[in-house]
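Visitor: Questions regarding the structure given below will be posed in turn.
Numbering (the numbering used here), first residue to last: 579 to 883.
Below, the structure written as structure tokens:
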């Protein structure tokens, strides 16, 4: 892994957003999970909770003490998706806020839905809102949050601050990237200009890992292009019989060997998972046929004509 530039543990990104790192740097988490305090003053909304590292709650507590103006310190905790590095900090965060999380009548925890508005309680500022966009693909439950105040989109792990994201379902993932682009130019998601010529609802991306992305829509388009380019490479590869064979059946591993022939073999194993997801997407679209087998030995045939 390339050496990543350090990010401060606490960074004020705007008048209304503070990033607090989850203190869990790593190969897949980059500098660590980004958690965000959202709102001009407390009570804030906390987005994601990190992986449960013991160094995280004191950082969060210090930030809350430094900006304390009202009670409670945090009104809501929003989780972008189910992965442990975003949810496992929840018990320790609730420990910091224990007096706020007493038993109540009715549900304390509830699911969010696509298009939902989450209002940010800001006693000293005009009302602000986060708009929920369901963006499955990285996980089935992944969401992004549009924040018109900053003209920013919180992306969770759907788009990262560096590199590309992993995903469970490629078809859903690409569709979600397109949904995110649509949100940038759709007045229904944000504030258009009074004269009727709408500006982009967001330019910045606040990702779940890595630094802020300044050119948000450009980066999302690059993500889409990267996936479609890989898809075309796969289609081209399986359009001819495998080396030394007269039939037109390819295994997942055979595709990896062909496309990654110039890369170190240490990359082949992780690449196989991505190739498999591409092939499953093509199968759903009726462009390839699954011919049995499991994992790397799954067999595929291109539909022609």
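No residue lacks a Cβ here, since even glycine has one placed at the ideal position from N, Cα and C.
#1: Suppose contacts are defined by Cβ-Cβ distances below 8 Å. Is residue 631 in contact with residue 609 by that definition?
#2: Using the three-state DSSP reduction, which class does residue 663 fall into: helix, strand or coil?
#3: Have a look at the DSSP bridge pairing and note the partners of residue 849.
#4: Three-state secondary structure (DSSP) at residue 873?
#5: Please work out which residues of its chain come closer than 6 Å, Cβ to Cβ, to residue 633, disregarding the five sequence neighbours upstream and downstream, and give them in chain order.
#6: For the candidate residues 881, 738, 831, 882, whose alpha-carbon lies nearest to that of residue 872?
#7: Please classify residue 804: is it buried, with 16 or more other beta-carbons within 10 angstroms of its beta-carbon, or exposed?
#8: State the beta-bridge partners of residue 817 as determined by DSSP.
#9: Roughly how many whole angstroms lie between the Cα atoms of residue 587 and residue 599?
#10: Based on the DSSP output, what are the partners of residue 725 in its beta bridges?
#11: Kindly indicate which three-state DSSP category residue 589 falls into: helix, strand or coil?
#12: Within a Cβ cutoff of 6 Å, which residues of the same chain sit near residue 876, ignoring the five residues on either side of it in sequence?
#13: Do the stretch 588-595 and the stretch 610-618 touch if we need at least three Cβ pairs shorter than 8 Å?
#14: Suppose you measure from the CA of residue 769 to the CA of residue 589; what does that come to, to the nearest Å?
#15: Can we say the stretch 695-704 touches the stretch 661-671, given the rule of at least three CB pairs closer than 8 Å?
#16: Whether or not the stretch 735-745 and the stretch 774-790 are in contact is what I'm after, with contact meaning three or more pairs of Cβ atoms, one per stretch, closer than 8 Å; do they touch?
Guide: In this structure, then:
#1: No.
#2: Residue state for residue 663 is assigned as helix, using DSSP reduced to three classes.
#3: Answer is none; residue 849 lacks a bridge partner.
#4: DSSP, reduced to helix, strand and coil, places residue 873 within a helical segment of the structure shown.
#5: Closer than 6 Å at the Cβ level, and outside the excluded window around residue 633, lie 601.
#6: Comparing Cα-Cα distances from residue 872 to each of 881, 738, 831, 882, the minimum goes to 831.
#7: Exposed: under 16 other Cβ atoms inside 10 Å.
#8: Residue 817 pairs with nothing; no bridge assigned.
#9: Rounded to the nearest angstrom, the two C-alpha atoms are 5 Å apart.
#10: Beta-bridge analysis with DSSP links residue 725 to 730.
#11: Residue state, collapsed to three classes: strand.
#12: Closer than 6 Å at Cβ, skipping near neighbours: 830.
#13: Yes: the two stretches touch, three or more of their Cβ pairs being nearer than 8 Å.
#14: Reliability of the predicted coordinates at residue 769 is poor, the pLDDT of 48 falling under 50, and no value is obtained from them.
#15: With fewer than three CB-CB distances shorter than 8 Å, the stretch 695-704 does not count as touching the stretch 661-671.
#16: Yes, the stretch 774-790 touches the stretch 735-745.
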